[in-house]
Amino acid sequence: MIDWIAAAFTSTKTAGDIAKSLMTLRDEESVRSRVFELTSSLMDLQGQLLSAQSEQTTLINRIHALEVDILKFQRWDEEKARYQLHQFPSGALAFQIKPECQSTEPMHYLCALCIERAEKSVMQPCGAGLKCHSCAAVIPTKAHVPINVRRIRNR
Ligand SMILES: [Zn+2]
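Structure (structure tokens):
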């Protein structure tokens, strides 16, 4: 990735050596030849600097993307800390907003499956349970009452 640095140093040293040698040359053909080498070396250096600029742009973009990810994770951790795991009488689990964090929000639950994927999905009533409309999970909230007990209660 940083091969251009070594190449740029080499090109710079070569250009400097060529420039020094020009001072001692008296033959016009030799001067012309060394100037051609110098131009070639400077063009190499220019190419290496363009590579460096391209890599720098790539790295800056990558750093920006990582900073966005870090911020997203920090915000998610703060949001997730507002909830606690809750077990319904059925035994099913969901994340319930902590009473001290509720403020003006109604009591609600987040899907335990989606929260593990760092996704906030408020569960909605569905029959005798709650449903996550993101992953389609349905959880019962009430304790399971065996059929024979239901008959006794209904009498
Ligand atoms: Zn879900």
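Numbered according to the working numbering, the sequence shown spans residues 3 to 157.
Beta carbons: idealized from backbone N, C-alpha and C, even for Gly.
Fill in: Element boundaries [alpha helix (DSSP H), containing residue 131]
Taking the first residue of the sequence shown as 1, we reach residue 131 at position 129. Unbroken run through residue 131 is the beta strand (DSSP E), 131-133; no alpha helix (DSSP H).
Worksheet item: Is residue 132 near ligand 1, in the sense that its beta carbon is under 7 Å from a heavy atom of that ligand?
Response: By one-based count along the sequence shown, residue 132 stands at place 130. For ligand 1, not one heavy atom lies less than 7 Å from the Cβ of residue 132.
Worksheet item: When burial is assigned at 16 or more other CB atoms within 10 Å of the CB, is residue 73 buried or exposed?
Response: Reading the sequence shown from its first residue, position 71 is the one you call residue 73. Answer is exposed; the Cβ neighbour count stays below 16.
Fill in: ligand 1 heavy atom lying under 7 Å from the CB of residue 116
Taking the first residue of the sequence shown as 1, we reach residue 116 at position 114. Yes; taking the cut-off as 7 Å, the Cβ of residue 116 has a heavy atom of ligand 1 nearer than that.
Practice prompt. Taking residue 97 as part of the alpha helix (DSSP H), name the residues at either end of that continuous run.
Written response: Start at 1 with the first residue of the sequence shown, and residue 97 comes out as number 95. The continuous stretches of alpha helix (DSSP H) do not include residue 97, which lies in the beta strand (DSSP E) extending over residues 95-99.
Worksheet item: Do you know offhand how far residue 42's Cα is from residue 59's?
Response: Counting from one through the sequence shown, the residue named residue 42 turns up at place 40. Counting from one through the sequence shown, the residue named residue 59 turns up at place 57. Spanning the two alpha carbons is a distance of roughly 26 Å.
Worksheet item: So with Cβ pairs under 8 Å, would you call residue 15 a contact of chain C?
Response: Absent from the structure is chain C; it holds one protein chain and no more.
Worksheet item: If we count the other Cβ atoms within 10 Å of its Cβ and call it buried at 16 or more, is residue 137 buried or exposed?
Response: As a working note, residue 137 is residue 135 in the sequence shown. Residue 137 should be labelled exposed.
Discussion item. Extract the residue ranges of the beta strand (DSSP E) inside the region 50-118, only unbroken runs of 3 or more that lie entirely within it.
Written reply: Taking only runs of at least 3 residues, the beta strand (DSSP E) segments lying wholly in the region 50-118 are 85-89, 95-99.
Item to complete: For residue 125, count neighbouring Cβ atoms within 10 angstroms of its own Cβ and tell me buried if that reaches 16, exposed if not.
Response: Translated into positions along the sequence shown, residue 125 becomes position 123. So residue 125 ends up on the buried side.
Item to complete: State the Cα-Cα distance for the pair residue 46 and residue 117, rounded to the nearest angstrom.
Response: As a first step, residue 46 must be located in the sequence shown, where it is residue number 44. As a first step, residue 117 must be located in the sequence shown, where it is residue number 115. Computed Cα separation, rounded: 53 Å.
Worksheet item: Mind checking whether the beta-carbon of residue 139 lies closer than 7 Å to any heavy atom of ligand 1?
Response: On the sequence shown, residue 139 is found 137 positions in, with the first residue counted as 1. Yes, the Cβ of residue 139 comes within 7 Å of a heavy atom of ligand 1.
Discussion item. Considering only their Cβ atoms, is the gap separating residue 10 from residue 61 smaller than 8 Å?
Written reply: The count along the sequence shown starts at 1 and reaches residue 61 at position 59. The count along the sequence shown starts at 1 and reaches residue 10 at position 8. Result no, Cβ atoms of residue 61 and residue 10 do not sit closer than 8 Å.
Worksheet entry | Pair within 8 Å by beta-carbon distance, residue 144 and residue 91 | Locating residue 144 in the sequence shown gives position 142, counting from the first residue. Locating residue 91 in the sequence shown gives position 89, counting from the first residue. In contact: residue 144 and residue 91 (Cβ atoms closer than 8 Å).
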